[in-house]
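Visitor:
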Amino acid sequence: MALKERIKLYAELEAYRQKPLVTYVTSTRANASGLIAQDVIPELVNQLHSLPKCDDIDFLIVSNGGDGTVAWRIVSLIREQVARFSILIPHAAFSAATLIALGANEIVMHPYGNLGPTDPQINNPKKGIQFGAEDVQAFLKFTKDAVGLTDQSPLRDLFLKFCEEVGFSSIGVAARSSQLSLSMGEKMLRHHMKDGKSQTKAKAISESLNSKYFHHGYPLGRAEAKTIGLPIAKSDDGLEALMWSIWKDLESDLRIREAFVPLELVKANAACAGLFSPVQQLQLPVGINPQQLQMLFQMYLAQVLNIAVPPTPFEYTIGLVESVRGASKFNVSGSIFSARQHDMDIKIQVTPEKMGWVDVPIPSAESNIASIE
868 MALKERIKLY
878 AELEAYRQKP
888 LVTYVTSTRA
898 NASGLIAQDV
908 IPELVNQLHS
918 LPKCDDIDFL
928 IVSNGGDGTV
938 AWRIVSLIRE
948 QVARFSILIP
958 HAAFSAATLI
968 ALGANEIVMH
978 PYGNLGPTDP
988 QINNPKKGIQ
998 FGAEDVQAFL
1008 KFTKDAVGLT
1018 DQSPLRDLFL
1028 KFCEEVGFSS
1038 IGVAARSSQL
1048 SLSMGEKMLR
1058 HHMKDGKSQT
1068 KAKAISESLN
1078 SKYFHHGYPL
1088 GRAEAKTIGL
1098 PIAKSDDGLE
1108 ALMWSIWKDL
1118 ESDLRIREAF
1128 VPLELVKANA
1138 ACAGLFSPVQ
1148 QLQLPVGINP
1158 QQLQMLFQMY
1168 LAQVLNIAVP
1178 PTPFEYTIGL
1188 VESVRGASKF
1198 NVSGSIFSAR
1208 QHDMDIKIQV
1218 TPEKMGWVDV
1228 PIPSAESNIA
1238 SIE
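This is the structure we're talking about:
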């Protein structure tokens, strides 16, 4: 299945809902995943620019998250174009994708869909560490409540050790990011929760998503999302069936269920067959001297190792922005270099050579239902 089939599903969903649909997906494929990032903004602007005159749209999203400030930018762009919008979640919408959902007037969740906490995650590449702002508070709370340390001096020493472990500047970044995420969540909700009581509720919802869950990957299902006060739409079997069909087609097209394994591509490349061919045993003549042995061994290694194979090309997609009016995808392509080592292991080096958004031609008009005017 591919774009041609999805376009039919998009058109069918638009007809069912009587409003335009825009889809944004970042891949969750193992070793070939994508995240919500600034580069998607021009693609979404193109989609919004192509909309027919309308006051309401559907925005279908599947993503494990990404940059929270981009989530704010996406919602702001949509709000500049239309008075209201609904977010459609057929599968996972974690982190920054949840922030986008907070900005929608209506959240349509499939029974298999989920939101997630919005607490930001901080990466320190130098230390090879990722942590959240809530981890700092949880650490100090644990030392006081569970370990029983109450004296300020050992608590201070432990905090300094923690700072040394994750990086002092990272602690500051985590604190500011947590405040930013809390503020953005509340602002998103206030787009459609405008009276005094609702604004208080918006703050409570944002605080819950930012600090009340104990894991950044906690899946917030439809019932629980409704319990904390989010505007979850009533179940609609027809709509949910269409959402699921769209997701299954996307899942297949992005090859979500199979990891990107470079060695598999190398093995499938007939030009690289020599890397996997059997190696003849080294036959040593009787009475060979050390100098001759060394020479024979070097010749043997040359036979085993000096197998010239061409690089194996690869390509995968980490993001899609689509509608019946246009489509684009973020592709990563390059070469896989491979060589056999002394121990017969195959060394693999994956070298991306090109990455970016490319336009995808929309299938012929006769296969599509006319978009809603």
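Numbering (our numbering), first residue to last: 868 to 1240. Yeah, the Cβ is synthetic: ideal placement off N, Cα and C, and Gly gets one too. Since this is a predicted model, take the numbers as computed values, not measurements.
1) CB of residue 1221 to nearest heavy atom of the ligand COA: below 7 Å?
2) Express the C-alpha separation of residue 898 and residue 1224 in angstroms, rounding to a whole number.
3) How is the alpha helix (DSSP H) around residue 1110 delimited, first residue to last?
4) Can the beta-carbon of residue 1218 be found closer than 8 Å to that of residue 1197?
5) Just curious, the beta strand (DSSP E) that residue 1198 is in, first and last residue?
6) From the DSSP output, in three-state form, read off residue 1219 for me.
7) Does residue 1190 come out as helix, strand or coil in the three-state DSSP assignment?
8) Kindly list the residues whose CB is nearer than 6 Å to the CB of residue 985, restricted to its own chain and excluding five residues on each side of it in sequence; keep chain order.
9) Just tell me which of 955, 1128, 917, 1222 has its CA closest to the CA of residue 896.
10) Contact defined as beta carbons within less than 8 Å: I believe residue 987 pairs with residue 930. What is the distance between those atoms, to the nearest angstrom?
11) Are the stretch 914–927 and the stretch 881–889 touching, with three or more C-beta to C-beta distances below 8 Å?
12) Please name the residue, chosen from 1203, 1195, 1206, 1201, that lies closest to residue 907 on a Cα-to-Cα basis.
13) Could you check how far apart the C-beta atoms of residue 1186 and residue 901 are, in whole angstroms? I think they sit under 8 Å.
14) Tell me the residue span of the beta strand (DSSP E) that contains residue 888.
15) Tell me the DSSP secondary structure of residue 1051 in three-state form.
Guide: Looking at the coordinates:
1) Questions concerning the ligand COA fall outside what the structure shown contains, since it holds no ligand whatsoever.
2) 19 Å
3) 1104–1120
4) no
5) 1193–1207
6) strand
7) Under the three-state reduction of DSSP output, residue 1190 falls in the strand class.
8) The residues are 965, 966, 1048, 1052, 1076, 1077.
9) 1128
10) With 8 Å as the limit, residue 987 and residue 930 do not qualify as a contact, their Cβ atoms being about 15 Å apart.
11) yes
12) 1195
13) 5 Å
14) 888–893
15) helix
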